[in-house]
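Undergrad:
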Amino acid sequence: MNEDRKTLEQRAQMTDIERLRHSASHVLATAILKLWPEAQFAAGPPVENGFYYDVDLPHRISPEDFEKIEAEMKKEIKANHQFEKMEVSRDEALDLGTKGRLAALSDRNQPSKFKIDIIEGIPSGEKISLYRNGDFIDLCAGPHVMRTGNIGAFKLTSVASAYYKGDEKNPQLQRVYGTAFKTKKELDEYFAMLEEAKKRDHRKLGKELEIYVIDEDVGPGLPLWLPRGAAIIEELEKLAKETEFAAGYRRVRTVNIARESLYRKSGHIPYYAESMFPPMELKEHGEQDSVTQRYYLKAMNCPHHHKLFAAVPRSYRDLPLRLAEYGFCHRYEQSGELFGLMRVRSMQMNDAHLYMTPEQFESEFNAVNEMYLNYFKLFGLEKYLMRFSTHDPTKLGQKFVNEPELWMKTEDMTRNVLKNSGINYVEVPNEAAFYGPKIDVQVWSVIGREFSIATNQVDFAQPRSFNLRYKDKDNTEKIPICIHRAPLGTHERFIGFLIEHYAGNFPLWLSPEQVRILTIGDDAKLVDYSMSILNELRAKYVRAEIDQSTDQINGKIQRAEQMKVHTMFVIGKRDMEATAVSVRVHGKGNLGAKPRVDAIAEILRSIKERQA
Ligand SMILES: [Zn+2]
Ligand SMILES: [Zn+2]
Numbered sequence: 051m052n053e054d055r056k057t058l059e060q061r062a063q064m065t066d067i068e069r070l071r072h073s074a075s076h077v078l079a080t081a082i083l084k085l086w087p088e089a090q091f092a093a094g095p096p097v098e099n100g101f102y103y104d105v106d107l108p109h110r111i112s113p114e115d116f117e118k119i120e121a122e123m124k125k126e127i128k129a130n131h132q133f134e135k136m137e138v139s140r141d142e143a144l145d146l147g148t149k150g151r152l153a154a155l156s157d158r159n160q161p162s163k164f165k166i167d168i169i170e171g172i173p174s175g176e177k178i179s180l181y182r183n184g185d186f187i188d189l190c191a192g193p194h195v196m197r198t199g200n201i202g203a204f205k206l207t208s209v210a211s212a213y214y215k216g217d218e219k220n221p222q223l224q225r226v227y228g229t230a231f232k233t234k235k236e237l238d239e240y241f242a243m244l245e246e247a248k249k250r251d252h253r254k255l256g257k258e259l260e261i262y263v264i265d266e267d268v269g270p271g272l273p274l275w276l277p278r279g280a281a282i283i284e285e286l287e288k289l290a291k292e293t294e295f296a297a298g299y300r301r302v303r304t305v306n307i308a309r310e311s312l313y314r315k316s317g318h319i320p321y322y323a324e325s326m327f328p329p330m331e332l333k334e335h336g337e338q339d340s341v342t343q344r345y346y347l348k349a350m351n352c353p354h355h356h357k358l359f360a361a362v363p364r365s366y367r368d369l370p371l372r373l374a375e376y377g378f379c380h381r382y383e384q385s386g387e388l389f390g391l392m393r394v395r396s397m398q399m400n401d402a403h404l405y406m407t408p409e410q411f412e413s414e415f416n417a418v419n420e421m422y423l424n425y426f427k428l429f430g431l432e433k434y435l436m437r438f439s440t441h442d443p444t445k446l447g448q449k450f451v452n453e454p455e456l457w458m459k460t461e462d463m464t465r466n467v468l469k470n471s472g473i474n475y476v477e478v479p480n481e482a483a484f485y486g487p488k489i490d491v492q493v494w495s496v497i498g499r500e501f502s503i504a505t506n507q508v509d510f511a512q513p514r515s516f517n518l519r520y521k522d523k524d525n526t527e528k529i530p531i532c533i534h535r536a537p538l539g540t541h542e543r544f545i546g547f548l549i550e551h552y553a554g555n556f557p558l559w560l561s562p563e564q565v566r567i568l569t570i571g572d573d574a575k576l577v578d579y580s581m582s583i584l585n586e587l588r589a590k591y592v593r594a595e596i597d598q599s600t601d602q603i604n605g606k607i608q609r610a611e612q613m614k615v616h617t618m619f620v621i622g623k624r625d626m627e628a629t630a631v632s633v634r635v636h637g638k639g640n641l642g643a644k645p646r647v648d649a650i651a652e653i654l655r656s657i658k659e660r661q662a
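Be aware that the sequence shown starts at 51, since it is given in the numbering used here, and climbs by one per residue.
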């Protein structure tokens, strides 16, 4: 997490809902103080889906306390106190802190220790403001809603422990989480969505549907794909390859390890070293004596693709050059951060690097965005947002490559394309990659949960450090611009997302098992007929299976439904005699008998068109 202090400008950009939730954290602190006046508070920001306040208190807050805390919060909301802003000098703020009056209802005999520490960290030029609601006064830069009564509906959700400022050398505090919405209806919908998300949890369905496994002996964060998961992967790669081929991409293949020198050139070492697996040391024979070489597992495909760009002399006629690969990457995520398929240590990425002249940037970038939108349509993603992250000019040379003009130029170009294309985006300062502005793509699953699945980056720095050149029309050597893009993200994260999105009921084209043939009885002729259908389906690349067990048909149907097999062909004597099959679709039930040839043609058409 980025623990940088937010600038005033960034704070002013708090969305309405963040403002409301942050205001709720003041009300939470007010309520806690009514119950435990000795409580000391640290930070109380809005977070994704809610808010928290960090509190230092001898009493251990537990969920059993929530009811009485919420009751106090309700009183404060009912009182409809104004959030009143007061600007004070540093000395006045410190004086109040010494009297214990910050994040408090009255003067106390203990200083507001965390607030004093926070004041000391505020840059000298920055204004210090306090906010008051009723008796509660807090050190805070805001913003808030107008009155406590504007907090429509809220609920406390959990309590966890957290170190002050996230540093384990600091005291451990209790972090009380809650969420708040404008209306009770929205709050109820949110909790209903969480319930639904639990049922659709990709870790639960991933196991039940035999999609992937994480094995202790293989290691944490290293998923293995069972045949049903591999089937989904194959379909996604097929989709990406067809789409990219039509868009003029060319496929390449690279290796999974490389020498340290490569990642020094790319800047991954030292900038990204913490997220990489530690190196392997190999003794290699040099010209005179042997040298120890360090090899790293590849964390990103870019440096390898840059080498392929540089491998051949390039002219403006070769551009744009679009190199694509479903590349394998390994990243060292902290074990505490690993989470099912969402946070892993090995991943296969829908990667490509596009090299172009500045004149080609607009049309290339537009085409990339177009590709995203087409994928969203295919997967039925109605809500998405592109977060356009730009640099902070005060951090050039530290967090961002020191190329002020190139930053301005590329950011302007990117912003213009986003504006002109009417894409849904927001601009976020200070969050760019070190080598250029970036766009994170967030999507919402059908039940309204947010996922960050893909990024898009504009890079003017790596082509320089790799000394990439093309010969322009005027015979001079120029440096190309590079776009990194991965619309389908990684297989791991994207499939994790799709499992929730579809609740495991994949459309036919993606379904791990597309057709299962269920025979009624085991008459030899019937089995022959069923086998001929199975062979025909497989010859046409349909993922088909047959259940020839001696079980009753109802048992066979139940088993197929449990595995969420998309289509069942139920075959009895009457079907055989009519050269037909009885079609049953998961979630839709029995669709009746159809001529064999029609039923198969329909399956093939649905797969080919990638029907929803
Ligand atoms: Zn505040
Ligand atoms: Zn890249």
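The beta-carbon is built from N, C-alpha and C at its ideal position, and this holds for glycine as well.
Return the chain-ordered list of same chain residues with a C-beta closer than 8 Å to the C-beta of E500, the five sequence neighbours on each side being excluded.
TA: Within the same chain, E500 has close Cβ partners E98, Q492, V493, W494.
Undergrad: Just to confirm, are I178 and I172 a CB contact at a threshold of 9 Å?
TA: Going by C-beta atoms, I178 is nearer than 9 Å to I172.
Undergrad: Please list the terminal residues of the continuous alpha helix (DSSP H) segment that includes P513.
TA: Unbroken alpha helix (DSSP H) run through P513: 512-515.
Undergrad: Between I570 and I603, how many whole angstroms is the CB-CB distance? I'm expecting something under 8 Å.
TA: Contact flag correct, Cβ pair sits at about 5 Å.
Undergrad: Of all the options M421, F484, H441, which has the alpha carbon lying nearest to the alpha carbon of S471?
TA: The shortest C-alpha separation from S471 is found at M421.
Undergrad: Any heavy atom of ligand 3 within a distance shorter than 8 Å of the CB on G94?
TA: As for ligand 3, it is missing from this structure, which binds only ligand 1 and ligand 2.
Undergrad: So what does DSSP say about I264, is it helix, strand or coil?
TA: Coil.
Undergrad: Let me check understanding here. Comparing Cα to Cα, which of D251, L274, D573, L146 lies closest to E627?
TA: Nearest option by C-alpha distance: D573.
Undergrad: Does DSSP put T526 in a helix, a strand or coil?
TA: If DSSP states are grouped into helix, strand and coil, T526 belongs with coil.
Undergrad: If you scan the segment 394-434 from start to end, which runs of the alpha helix (DSSP H) of 4 or more residues do you find wholly inside it?
TA: Segments of the alpha helix (DSSP H) lying fully in the segment 394-434: 411-428.
Undergrad: Going straight from the alpha carbon of K234 to that of A93, what length do you get?
TA: Their Cα atoms are separated by approximately 26 Å.
Undergrad: Check C190 in the structure and name its three-state DSSP category.
TA: Coil, per DSSP.
Undergrad: Could you give the distance in angstroms between the alpha-carbon of E4 and the alpha-carbon of E455?
TA: Residue 4 is absent from the structure shown; the chain starts at 51 and stops at 662.
Undergrad: Look at E440 and F510 and say whether their C-beta atoms are less than 9 Å apart.
TA: Going by the sequence as given, residue 440 is Thr instead of Glu. Not in contact: T440 and F510 (Cβ atoms no closer than 9 Å).
Undergrad: Just checking H355 against ligand 2 - is the residue's beta carbon closer than 8 Å to any of the ligand's heavy atoms?
TA: Under cutoff, so the answer is yes.
Undergrad: Evaluate contact between the segment 114-127 and the segment 69-87, counting only Cβ atoms and requiring at least three cross-stretch pairs below 8 Å.
TA: The segment 114-127, when compared against the segment 69-87, does touch it at the 8 Å Cβ threshold.
Undergrad: Could you check what DSSP says for G605 in three-state terms: helix, strand or coil?
TA: Residue state, collapsed to three classes: helix.
Undergrad: Alpha carbon to alpha carbon, how far is R110 from L206?
TA: Using only the alpha carbons, I get a separation of about 15 Å.
Undergrad: Across which residues does DSSP place T505 in a beta bridge pair?
TA: Partner(s): D490.
Undergrad: Does the beta carbon of S73 fall short of 8 Å from some heavy atom of ligand 1?
TA: Correct: S73 has its Cβ closer than 8 Å to ligand 1.
Undergrad: Would P557 pass as a contact of R278 if the rule is Cβ separation under 9 Å?
TA: For P557 and R278, no; Cβs fall outside 9 Å.
Undergrad: Which residues are close to ligand 2, meaning CB closer than 5 Å to any heavy atom, in chain order?
TA: Those residues are C352, H534, given in chain order.
Undergrad: Apart from the five residues on each side of it in sequence, which residues of its chain come closer than 7 Å, Cβ to Cβ, to G546?
TA: Closer than 7 Å at the Cβ level, and outside the excluded window around G546, lie H252, G390, L391, M392.
Undergrad: What number of angstroms, rounded off, separates the C-alpha of R624 from the C-alpha of E611?
TA: Computed Cα separation, rounded: 23 Å.
Undergrad: Does the distance from the C-beta atom of V508 to that of I533 stay below 9 Å?
TA: Cβ distance < 9 Å, so V508 and I533 count as in contact.
Undergrad: Can you give me the start and stop residues for the beta strand (DSSP E) that I307 sits inside?
TA: That run of the beta strand (DSSP E) goes 307-309.
Undergrad: Is G637 buried or exposed, if buried means 16 or more other CB atoms sit within 10 Å of its CB?
TA: Classification of G637: exposed, given that the 10 Å Cβ count is below 16.
Undergrad: Suppose the cutoff is 7 Å on Cβ atoms and the five residues either side in sequence are ignored; what does the same chain contact list for L144 look like?
TA: Result list for L144: I166, I169, in chain order.
Undergrad: Whose CA, out of A504, I567, E375, Y345, lies closest to the CA of A649?
TA: Ranking A504, I567, E375, Y345 by Cα distance to A649 puts I567 first.
Undergrad: Can you tell which of T464, T342, L373 has its C-alpha closest to the C-alpha of H354?
TA: Residue L373 is the option with its Cα nearest to H354.
Undergrad: Under three-state DSSP, which class holds V592?
TA: Correct three-state label for V592: coil.
Undergrad: Should Y591 go down as buried or exposed, given a rule of 16 or more other Cβ atoms within 10 Å for buried?
TA: Label assigned to Y591: exposed.
Undergrad: Report yes if the CB atom of E122 is closer than 9 Å to the CB atom of P108, and no otherwise.
TA: No. Outside cutoff.
Undergrad: For N220, which residues in the same chain have their Cβ closer than 6 Å to its Cβ, ignoring the five residues on either side in sequence?
TA: Cβ neighbours of N220 beyond the five flanking positions: Y213, Y214.
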